[in-house]
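Data block below; observations after.
Number of protein chains: 4
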Amino acid sequence: MEFDTSKVFHVLDHGFIRVVDIMGDDTSIVQAARVSYGDGTKHVSQDRALIRYLMRHKHTSPFEMCEIKLHLKMPIFVARQWIRHRTASINEYSARYSISDNKFYIPNDNSFHAQSIDKKQSRDLDSQLELDSIKDYSEKMQHLAGESYQLYQKMIDDGVAREIARISLPVCYYTEIYWKIDLHNLLHFLRLRCKENAQYEMREYANTILEKIVKVWVPHAYSAFMDYSFNSVLLSKQCILLIKKVINKEKISFEESDISKSEWNEFCDIFELDK
Amino acid sequence: MEFDTSKVFHVLDHGFIRVVDIMGDDTSIVQAARVSYGDGTKHVSQDRALIRYLMRHKHTSPFEMCEIKLHLKMPIFVARQWIRHRTASINEYSARYSISDNKFYIPNDNSFHAQSIDKKQSRDLDSQLELDSIKDYSEKMQHLAGESYQLYQKMIDDGVAREIARISLPVCYYTEIYWKIDLHNLLHFLRLRCKENAQYEMREYANTILEKIVKVWVPHAYSAFMDYSFNSVLLSKQCILLIKKVINKEKISFEESDISKSEWNEFCDIFELDK
Amino acid sequence: MEFDTSKVFHVLDHGFIRVVDIMGDDTSIVQAARVSYGDGTKHVSQDRALIRYLMRHKHTSPFEMCEIKLHLKMPIFVARQWIRHRTASINEYSARYSISDNKFYIPNDNSFHAQSIDKKQSRDLDSQLELDSIKDYSEKMQHLAGESYQLYQKMIDDGVAREIARISLPVCYYTEIYWKIDLHNLLHFLRLRCKENAQYEMREYANTILEKIVKVWVPHAYSAFMDYSFNSVLLSKQCILLIKKVINKEKISFEESDISKSEWNEFCDIFELDK
Amino acid sequence: MEFDTSKVFHVLDHGFIRVVDIMGDDTSIVQAARVSYGDGTKHVSQDRALIRYLMRHKHTSPFEMCEIKLHLKMPIFVARQWIRHRTASINEYSARYSISDNKFYIPNDNSFHAQSIDKKQSRDLDSQLELDSIKDYSEKMQHLAGESYQLYQKMIDDGVAREIARISLPVCYYTEIYWKIDLHNLLHFLRLRCKENAQYEMREYANTILEKIVKVWVPHAYSAFMDYSFNSVLLSKQCILLIKKVINKEKISFEESDISKSEWNEFCDIFELDK
Numbered sequence: 031m032e033f034d035t036s037k038v039f040h041v042l043d044h045g046f047i048r049v050v051d052i053m054g055d056d057t058s059i060v061q062a063a064r065v066s067y068g069d070g071t072k073h074v075s076q077d078r079a080l081i082r083y084l085m086r087h088k089h090t091s092p093f094e095m096c097e098i099k100l101h102l103k104m105p106i107f108v109a110r111q112w113i114r115h116r117t118a119s120i121n122e123y124s125a126r127y128s129i130s131d132n133k134f135y136i137p138n139d140n141s142f143h144a145q146s147i148d149k150k151q152s153r154d155l156d157s158q159l160e161l162d163s164i165k166d167y168s169e170k171m172q173h174l175a176g177e178s179y180q181l182y183q184k185m186i187d188d189g190v191a192r193e194i195a196r197i198s199l200p201v202c203y204y205t206e207i208y209w210k211i212d213l214h215n216l217l218h219f220l221r222l223r224c225k226e227n228a229q230y231e232m233r234e235y236a237n238t239i240l241e242k243i244v245k246v247w248v249p250h251a252y253s254a255f256m257d258y259s260f261n262s263v264l265l266s267k268q269c270i271l272l273i274k275k276v277i278n279k280e281k282i283s284f285e286e287s288d289i290s291k292s293e294w295n296e297f298c299d300i301f302e303l304d305k
Numbered sequence: 031m032e033f034d035t036s037k038v039f040h041v042l043d044h045g046f047i048r049v050v051d052i053m054g055d056d057t058s059i060v061q062a063a064r065v066s067y068g069d070g071t072k073h074v075s076q077d078r079a080l081i082r083y084l085m086r087h088k089h090t091s092p093f094e095m096c097e098i099k100l101h102l103k104m105p106i107f108v109a110r111q112w113i114r115h116r117t118a119s120i121n122e123y124s125a126r127y128s129i130s131d132n133k134f135y136i137p138n139d140n141s142f143h144a145q146s147i148d149k150k151q152s153r154d155l156d157s158q159l160e161l162d163s164i165k166d167y168s169e170k171m172q173h174l175a176g177e178s179y180q181l182y183q184k185m186i187d188d189g190v191a192r193e194i195a196r197i198s199l200p201v202c203y204y205t206e207i208y209w210k211i212d213l214h215n216l217l218h219f220l221r222l223r224c225k226e227n228a229q230y231e232m233r234e235y236a237n238t239i240l241e242k243i244v245k246v247w248v249p250h251a252y253s254a255f256m257d258y259s260f261n262s263v264l265l266s267k268q269c270i271l272l273i274k275k276v277i278n279k280e281k282i283s284f285e286e287s288d289i290s291k292s293e294w295n296e297f298c299d300i301f302e303l304d305k
Numbered sequence: 031m032e033f034d035t036s037k038v039f040h041v042l043d044h045g046f047i048r049v050v051d052i053m054g055d056d057t058s059i060v061q062a063a064r065v066s067y068g069d070g071t072k073h074v075s076q077d078r079a080l081i082r083y084l085m086r087h088k089h090t091s092p093f094e095m096c097e098i099k100l101h102l103k104m105p106i107f108v109a110r111q112w113i114r115h116r117t118a119s120i121n122e123y124s125a126r127y128s129i130s131d132n133k134f135y136i137p138n139d140n141s142f143h144a145q146s147i148d149k150k151q152s153r154d155l156d157s158q159l160e161l162d163s164i165k166d167y168s169e170k171m172q173h174l175a176g177e178s179y180q181l182y183q184k185m186i187d188d189g190v191a192r193e194i195a196r197i198s199l200p201v202c203y204y205t206e207i208y209w210k211i212d213l214h215n216l217l218h219f220l221r222l223r224c225k226e227n228a229q230y231e232m233r234e235y236a237n238t239i240l241e242k243i244v245k246v247w248v249p250h251a252y253s254a255f256m257d258y259s260f261n262s263v264l265l266s267k268q269c270i271l272l273i274k275k276v277i278n279k280e281k282i283s284f285e286e287s288d289i290s291k292s293e294w295n296e297f298c299d300i301f302e303l304d305k
Numbered sequence: 031m032e033f034d035t036s037k038v039f040h041v042l043d044h045g046f047i048r049v050v051d052i053m054g055d056d057t058s059i060v061q062a063a064r065v066s067y068g069d070g071t072k073h074v075s076q077d078r079a080l081i082r083y084l085m086r087h088k089h090t091s092p093f094e095m096c097e098i099k100l101h102l103k104m105p106i107f108v109a110r111q112w113i114r115h116r117t118a119s120i121n122e123y124s125a126r127y128s129i130s131d132n133k134f135y136i137p138n139d140n141s142f143h144a145q146s147i148d149k150k151q152s153r154d155l156d157s158q159l160e161l162d163s164i165k166d167y168s169e170k171m172q173h174l175a176g177e178s179y180q181l182y183q184k185m186i187d188d189g190v191a192r193e194i195a196r197i198s199l200p201v202c203y204y205t206e207i208y209w210k211i212d213l214h215n216l217l218h219f220l221r222l223r224c225k226e227n228a229q230y231e232m233r234e235y236a237n238t239i240l241e242k243i244v245k246v247w248v249p250h251a252y253s254a255f256m257d258y259s260f261n262s263v264l265l266s267k268q269c270i271l272l273i274k275k276v277i278n279k280e281k282i283s284f285e286e287s288d289i290s291k292s293e294w295n296e297f298c299d300i301f302e303l304d305k
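So the sequence lines, in the order shown, correspond to chains A, B, C and D. Residue numbering for the first sequence follows my numbering, beginning at 31 and increasing consecutively. Residue numbering for the second sequence follows my numbering, beginning at 31 and increasing consecutively. Residue numbering for the third sequence follows my numbering, beginning at 31 and increasing consecutively. Residue numbering for the fourth sequence follows my numbering, beginning at 31 and increasing consecutively.
Rendered as structure tokens:
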């Protein structure tokens with residue numbers, strides 16, 4: 031057990047991540063793989079090399095042999111995305127049983143951005159909204175959150191059922207969950223949720239888990255993940271052909287590439303080619 | 031295919047349930063069971079009897095052979111519970127990509143109740159709040175929801191990223207999902223979500239699915255479910271002993287029962303015994 | 031960590047169960063439940079009572095917060111049933127990568143039984159085959175297993191691919207797996223696999239896990255499971271009515287019961303009534 | 031419904047694949063995606079383009095909205111690998127309930143190969159065993175399978191329990207399953223099981239499903255899968271650097287590459303570079 035469970039990683043204005051419990055580490059991955067592949071793994075003599083081999087060939091089951099349990103506090107709109115990952119065990123604080131804390135998330139001034147034009151689902155991180163507008167939005171958000179909690183509090187005090195009283199609380203209110211997941215499914219979660227097209231607030235949690243927890247807990251699995259998954263690229267059949275042409279000094283062009291404009295742009299970005 | 035997919039079941043003030051697609055029916059359950067149990071099922075000659083036999087003995091896998099896909103509109107606080115069921119496929123309307131409708135749920139006057147004392151998580155359906163108070167809560171909820179949508183709308187109009195703009199919307203706002211699940215897991219969902227300790231708003235959806243859809247789609251599975259699951263009771267080892275004593279005309283009492291007060295009360299309620 | 035991982039539980043002629051790793055215990059169940067139900071659990075003051083409450087009401091998610099990893103050696107025909115439980119992580123010894131051990135299972139003389147007439151899928155434990163016949167079957171099984179391993183060995187020595195060579199080995203040959211599962215799903219597995227209609231060889235494993243491992247690891251969860259699940263009975267709607275009639279000293283009979291003969295028989299057995 | 035359910039695809043010597051039922055098609059993927067991504071998908075005007083976009087960006091949930099049910103007959107050693115895929119519903123013919131057919135698989139003369147030296151888990155498809163040896167193995171396999179069925183038959187006739195009698199049958203015996211899975215998980219299965227390092231007998235089934243069923247059922251999803259998944263390659267961070275160097279006409283070598291020999295070899299093979 032590597033982690034001090036009293037250590038708390040603070041995220042956003044009122045959120046946190048706490049490691050409650052851990053099962054296994056890099057050696058557990060190796061142990062399970064050697065059962066499965068038996069003599070077949072003898073030629074890969076070292077743990078680090080075997081873990082990289084497993085990651086590269088997507089032999090995922092040995093990574094399921096490690097497990098982690100986290101205690102998390104996050105805004106409801108983050109929790110809503112989080113819980114879409116079905117291969118985990120969850121216990122969430124219930125506002126039907128208990129009284130909600132008066133804690134809500136307001137983006138800081140640097141986290142307000144314009145809607146992205148290209149990336150349909152995200153903010154445009156290069157955009158700059160006017161500071162006056164931001165102050166205005168931020169104040170109004172605070173005010174609304176405050177008003178909604180006041181109504182909530184009044185209804186609770188009057189004896190209205192909690193499950194009704196809470197329905198006016200906005201999704202920026204914080205909730206808490208216990209979340210238990212195996213390493214294979216955690217890495218899958220991180221691959222999706224650390225990426226730039228994930229919402230900024232989600233990424234703050236995912237990056238903390240990746241860099242402060244996984245990296246320390248299972249260093250070999252972490253580095254194999256970074257090289258063979260997180261920082262890898264998937265080349266389509268068409269892009270493989272394009273690379274071959276470039277290597278053979280043939281001309282390539284979007285028009286003859288048989289891929290979409292967005293794939294072409296990504297392709298050129300990765301290999302620093304002229305679009 | 032039994033269902034007219036243009037038919038819409040309305041739920042709450044703005045919600046709905048629509049059957050998008052269906053795979054299999056009662057005969058598919060029988061077909062799969064006869065593969066598994068082969069000659070072993072020959073003595074159960076009729077489909078209805080076989081389905082009841084499977085349900086009674088919790089041979090659940092044949093019920094997985096039917097599948098249903100629904101299109102649902104429900105308040106976010108209902109969706110949050112819904113999505114905790116992990117054995118389903120889900121596509122939810124994303125407020126990061128798209129603009130939210132200005133549709134929110136306000137309980138009608140008969141749906142406001144006091145917090146239950148016994149049932150820690152629910153409203154007390156026998157309670158009566160004062161009508162004046164209800165009018166007051168209801169108006170304030172409407173007002174808050176309206177204000178929050180106004181702020182949302184303004185931020186969207188100003189070009190603020192959608193994923194930020196939406197965080198002040200309360201959990202009474204509606205969302206939409208496509209939800210695909212097999213019959214076994216659907217029945218498990220209904221067992222939990224039609225029960226009286228489920229939140230009223232959730233039950234409105236669950237009961238519609240049970241009574242308007244499942245009952246028509248798979249009538250044998252429906253009636254087996256009602257008899258052997260939904261309306262059945264689980265008797266603990268201790269309660270079995272109590273029943274035996276009652277049958278043998280021995281005295282029973284809470285003090286000698288070795289069960290908790292709440293289990294004792296439920297036990298007496300089921301069999302109409304004096305507490 | 032309660033278990034000495036060098037301790038091995040022997041099962042059948044060459045099988046074993048070894049606890050590799052454990053996460054959590056009874057207190058982890060309580061800890062997770064108190065997050066979910068918050069103030070709602072305060073009235074249940076003691077851990078034991080809370081665990082029993084959770085089990086009785088099928089609040090299953092807190093039981094997912096405990097995890098166990100086992101190393102198992104079992105015949106292939108047992109492994110085939112074992113692996114049907116999908117909510118676990120598995121690494122199995124692969125006969126494509128590695129050479130199979132020359133270890134196979136032969137039932138001992140007391141484990142040969144006739145096909146059951148009633149229970150279509152099982153042996154009849156009350157039946158008695160002739161000892162001479164048993165000796166004969168047993169010898170022939172041994173002989174066949176030996177011959178098949180000889181062919182396997184010859185093909186391996188000749189350099190034939192392992193994945194081909196192994197296809198003549200019978201399902202009584204042993205295999206090994208690493209198996210990691212949470213407590214909720216383990217208890218579900220045990221409920222099915224310790225029951226008398228499970229195959230004897232499977233039950234030998236399941237009972238060892240239940241009585242030698244779970245009972246020591248999570249004693250409160252174990253006893254709650256025994257009372258509210260393993261030794262409980264599910265009474266159908268029809269059987270509840272029958273009980274009420276018995277209590278009210280009304281006559282009951284199979285003819286008027288509206289249940290199948292097998293359900294009637296089970297009902298009478300449970301409550302020691304005349305059939 | 032595109033498939034004639036009376037049509038049977040024969041595989042190996044006695045196996046088959048039959049489509050029992052289908053839910054959805056390419057348009058169902060698009061329908062679900064447009065719910066999720068709403069306005070965000072409007073710019074991708076055509077179904078084919080949208081499906082390719084979803085596949086490329088691993089937006090997998092819309093592919094879960096299609097479902098297929100197959101009836102399969104396959105050798106036990108194939109079924110054992112098949113069933114390791116946990117995200118499917120299965121009903122298998124049970125040899126505890128029913129009598130096994132006298133059908134077993136013997137590789138034809140072209141399917142006997144030597145153990146591969148490089149690929150630790152597979153046969154070496156370029157190897158050639160001597161025809162005399164093959165004839166010898168083949169005969170012995172047949173003989174053993176025959177003998178084991180004879181013993182099985184005798185025990186069944188004598189009234190021995192089926193669950194015991196069947197344990198001497200080798201894993202080349204055929205079994206039957208009903209298998210229901212969604213398209214996303216089916217494609218994942220096919221990606222693993224059509225690949226050359228899957229066992230030849232498994233690939234025969236997987237390829238039939240891919241080329242005879244999926245290709246006809248969901249042609250857009252099929253071609254997107256082939257381009258962006260099946261025939262794509264994953265380039266590690268290190269390999270991306272190597273490509274950039276090649277493009278910039280810098281020298282690359284295994285020694286300076288920081289990757290394993292096997293990754294280097296694969297890399298050179300993909301882009302037709304000198305090793």
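We treat Cβ as the ideally placed atom computed from N, Cα and C, and that holds for glycine.
Classification of residue i by the beta-carbon crowding that lies within 10 angstroms, buried from 16 upward
i       : result
K88(D)  : exposed
I289(C) : buried
Q76(A)  : exposed
M31(A)  : Only weak support exists for where M31(A) lies, its pLDDT of 48 falling under 50; the value from the coordinates is given anyway. It is exposed - the Cβ of M31(A) has fewer than 16 other Cβ atoms within 10 Å.
K103(A) : buried
I81(A)  : buried
G54(A)  : buried
Supposed contact pair residue j and residue i - C-beta distance, whole angstroms, cut 8 Å
i      : j       : result
I59(C) : A251(C) : 6 Å
Residue i to residue j span [Cα, whole Å]
i       : j       : result
I207(B) : I113(B) : 10 Å
V190(B) : L217(C) : 50 Å
L271(D) : K225(D) : 27 Å
C269(D) : W294(A) : 19 Å
E160(A) : R196(B) : 19 Å
E234(B) : R110(B) : 15 Å
H44(A)  : Y204(A) : 8 Å
Q158(A) : I194(B) : 14 Å
Per DSSP, cross-strand counterpart(s) of residue i
i       : result
W209(C) : L100(C) and I120(C)
Subject >> Proximal residues, the stretch 85 to 118 of chain D versus chain B, C-beta separation under 8 Å >> reply: For the stretch 85 to 118 of chain D, the set of positions with a beta-carbon nearer than 8 Å to some beta-carbon of chain B reads S91, P92, E94, M95, E97, K99 and H101 in chain order.
**OP:** Would you list, in chain order, the members of the stretch 202 to 235 of chain C that have their beta-carbon closer than 7 Å to a beta-carbon of chain D?
**Re:** C202 and Q229
Original post:
Mind listing which residues of the stretch 252 to 284 of chain C have their C-beta closer than 9 Å to chain B's C-betas, in chain order?
Top reply: M256, D257, Y258, S259, F260, N261, S262, V263, L264, L265, S266, K267, Q268, C269, I270, I273, K274, V276, I277 and N278
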